[in-house]
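Q: Quick one: this structure, given as structure tokens, is what I'll be asking you about.
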Amino acid sequence: MDLGLRGKRALVTGATKGIGRAIVDLLAAEGCDIALCARSEDEVESAVREVKTKGVNVSGGAVNVRDADAYKAWLERSVSELGGCDIFIPNVSAGGGMDSEKNWWKCFEVDVLHTVRGCEFLVPHLEKSGHGSIVIISSTNALETFYAPMAYNAMKAALITYSKQLSQFIGRKNIRVNTVSPGPIYFEGGAWEMIKSTNQKMYDATLRAMPNGRFGGPDEIAKVVAFLASPSASVITGSNVVADNGYTKRVQY
Ligand SMILES: NC(=O)c1ccc[n+]([C@@H]2O[C@H](COP(=O)([O-])OP(=O)(O)OC[C@H]3O[C@@H](n4cnc5c(N)ncnc54)[C@H](OP(=O)(O)O)[C@@H]3O)[C@@H](O)[C@H]2O)c1
């Protein structure tokens, strides 16, 4: 199936490793030009070099999305370098962690504000595309209780509500907005590898909750995101797609 992604221009935040990196690899393989960012300059440079081997235009920026001015400058530069924007995938998260007030602010600024700022800046460009698509990365932590009342879980829930309301608000501009909620995803250098080495009990309990006895991988989430981002998903907007390997236990009607 041809998803219709060839020639589309995609901005993806947090794309040097894990799910974000799998997304840019797949979108580039499908013929999208890419603008990506992350904080580490070295990792941005090597990601740009590697993704370019797929024969598309790739630009990168070493930017902390929490820094509003630097982030806006990256958005502006990316749109100018790609000559527009058809797809936006805000993927960066501050992650889980201690539930201090400081952490709540960090999670709000990174998870929520970077998404909102990116959408607000890019909507006029996505409108010009005629097939604009925003895919926001949430988490199953927003949908079911997960260990403790963490800012991460609440911010991921906020993203789902924001996405739904934005989809109604800008639908007439031919921009679709969806969220993907991955369950636990294992990759080298990722959070679950760290949990495996520091909290074997939590890791084992999580694995036991997977009906097929394995974690999902970033490439499996990337396929879901690429479909939603593509014109092939033209009828899907305002949805939250749960991609969790059966980890959550509620019935979804
Ligand atoms: N892994 C899972 O099990 C899982 C499950 C559900 C949902 N998710 C969601 O999926 C998304 C990706 O998570 P992941 O686990 O694949 O990757 P990750 O380990 O969270 O890293 C993702 C990327 O974000 C960059 N990054 C982190 N903070 C940044 C910041 N402030 N500004 C700019 N870039 C930043 C990292 O590079 P630098 O460190 O160089 O900045 C890296 O390229 C997140 O939204 C996460 O909440 C993950």
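At position 214 of the sequence shown (counting the first as 1) the number is 1548 in this note's numbering, and the numbers step up by one without a gap. C-beta: ideal position from N, C-alpha, C; glycine also.
Does the beta-carbon of serine 1473, which I'm using as the reference point, lie nearer than 7 Å to any heavy atom of ligand 1?
A: Taking the sequence shown and counting its residues from 1, the one referred to as residue 1473 is at position 139. With a cut-off of 7 Å, the C-beta of serine 1473 is classified as near ligand 1, since at least one heavy atom of the ligand falls inside that distance.
Q: What is the rounded straight-line gap between the Cα of aspartate 1538 and the Cα of methionine 1544?
A: The residue labelled residue 1538 in the question sits at position 204 within the sequence shown. The residue labelled residue 1544 in the question sits at position 210 within the sequence shown. Here the alpha carbon of aspartate 1538 sits roughly 10 Å from the alpha carbon of methionine 1544.
Q: Taking all protein chains shown into account, decide if aspartate 1420 is buried (16 or more other Cβ within 10 angstroms of its Cβ) or exposed.
A: As a position in the sequence shown, residue 1420 is number 86, starting the count at 1. With 16 or more Cβ atoms within 10 Å of its Cβ, aspartate 1420 is classed as buried.
Q: Under the criterion of a Cβ to heavy atom distance below 7 Å, does glutamate 1379 qualify as lining ligand 1?
A: Indexing the sequence shown from 1 puts residue 1379 at position 45. Checking every heavy atom of ligand 1 against the Cβ of glutamate 1379, none is found closer than 7 Å.
Q: How long is the line joining the alpha carbons of alanine 1349 and valine 1469, rounded to whole angstroms?
A: As a working note, residue 1349 is residue 15 in the sequence shown. As a working note, residue 1469 is residue 135 in the sequence shown. Straight-line Cα distance between these residues: approximately 14 Å.
Q: Using DSSP's beta-bridge definition, name the partner residues of leucine 1345.
A: Along the sequence shown, read from residue 1 onward, the residue named residue 1345 stands at position 11. Answer is Ala1369 and Phe1422, bridged to leucine 1345.
Q: Per DSSP, which residues does proline 1516 bridge with? Please list them.
A: To locate residue 1516, count along the sequence shown from 1; it is residue 182. Beta-bridge pairing links proline 1516 to Ala1577.
Q: Under DSSP, the beta strand (DSSP E) around serine 1427 begins and ends at which residues?
A: Along the sequence shown, read from residue 1 onward, the residue named residue 1427 stands at position 93. Neither: serine 1427 is in no beta strand (DSSP E) and is coded neither H nor E.
Q: Where DSSP assigns a beta bridge to serine 1434, which residues make up the other side?
A: As a working mapping, residue 1434 is identified with position 100 in the sequence shown. Paired residue(s): none; serine 1434 is not in a bridge.
Q: For asparagine 1508, which option in Val1457, Met1489, Tyr1481 and Ile1555 has the closest C-alpha, if you only look at C-alpha atoms?
A: Taking the sequence shown and counting its residues from 1, the one referred to as residue 1508 is at position 174. Measuring from the Cα of asparagine 1508, the nearest candidate turns out to be Val1457.
Q: Name the residue from Lys1388, Phe1521, His1448 and Thr1582 whose alpha carbon lies nearest to the alpha carbon of arginine 1542.
A: The sequence position of residue 1542 within the sequence shown is 208, counting from 1. Nearest in C-alpha terms to arginine 1542, of all of Lys1388, Phe1521, His1448 and Thr1582, is Thr1582.
Q: When burial is assigned at 16 or more other CB atoms within 10 Å of the CB, is lysine 1342 buried or exposed?
A: Taking the sequence shown and counting its residues from 1, the one referred to as residue 1342 is at position 8. Answer is buried; the Cβ neighbour count reaches 16.
Q: For ligand 1, any of its heavy atoms closer than 7 Å to the Cβ of alanine 1363?
A: Taking the first residue of the sequence shown as 1, we reach residue 1363 at position 29. In this structure, alanine 1363 has its beta carbon at no less than 7 Å from each heavy atom of ligand 1.
Q: In terms of residues, what are the limits of the alpha helix (DSSP H) holding isoleucine 1494?
A: Working through the sequence shown from its first residue, we reach residue 1494 at position 160. From DSSP, the alpha helix (DSSP H) with isoleucine 1494 extends over 1485-1503.
Q: Hey, how far is the Cα of cysteine 1453 from the Cα of isoleucine 1471?
A: Your numbering for residue 1453 matches position 119 in the sequence shown. Your numbering for residue 1471 matches position 137 in the sequence shown. When rounded, the distance between both Cα atoms is 13 Å.
Q: Take phenylalanine 1422 as the anchor and find which of Val1558, Arg1355, Gln1534 and Ser1467 has the nearest alpha-carbon.
A: If you number the sequence shown from 1, residue 1422 lands on position 88. Here the closest residue by C-alpha is Ser1467.
Q: Indicate whether glycine 1517 and aspartate 1433 have their beta-carbon atoms separated by less than 8 Å.
A: Reading the sequence shown from its first residue, position 183 is the one you call residue 1517. Reading the sequence shown from its first residue, position 99 is the one you call residue 1433. It is not a contact, given that the beta carbons lie outside the stated cut-off.
Q: Give me the residue from Asn1512, Met1528 and Ala1567 with the minimum Cα distance to valine 1576.
A: For the purposes of this step, residue 1576 is identified with residue 242 of the sequence shown, where counting begins at 1. Looking at the Cα atoms, Asn1512 is the closest of the given residues.
Q: Can you have a look at arginine 1585 and say buried or exposed, based on whether 16 or more other CB atoms are within 10 angstroms of its CB?
A: Translated into positions along the sequence shown, residue 1585 becomes position 251. Correcting the residue type first, residue 1585 is valine in the shown sequence and not arginine. Exposed: under 16 other Cβ atoms inside 10 Å.
Q: With DSSP collapsed to three states, give me the class of glycine 1466.
A: Along the sequence shown, read from residue 1 onward, the residue named residue 1466 stands at position 132. Glycine 1466 falls in the strand class under three-state DSSP.
Q: Going by DSSP, which residues form a beta bridge with valine 1392?
A: For the purposes of this step, residue 1392 is taken as the residue at position 58 of the sequence shown. Partner(s): Ile1368.
Q: Helix or strand or just coil, what does DSSP make of isoleucine 1529?
A: In the sequence shown, the residue the question calls residue 1529 occupies position 195. Reduced to three states, the DSSP call for isoleucine 1529 is helix.
Q: Please tell me whether asparagine 1546 and glycine 1580 are closer than 8 Å, where the distance is taken between their beta carbons.
A: Position 212 of the sequence shown, counting from 1, holds the residue named residue 1546. Position 246 of the sequence shown, counting from 1, holds the residue named residue 1580. Yes, the Cβ-Cβ distance between asparagine 1546 and glycine 1580 is below 8 Å.
Q: In the DSSP assignment, find the unbroken alpha helix (DSSP H) run with methionine 1588 in it and report its ends.
A: The question about residue 1588 has no answer, for the chain in this structure spans 1335 to 1587.
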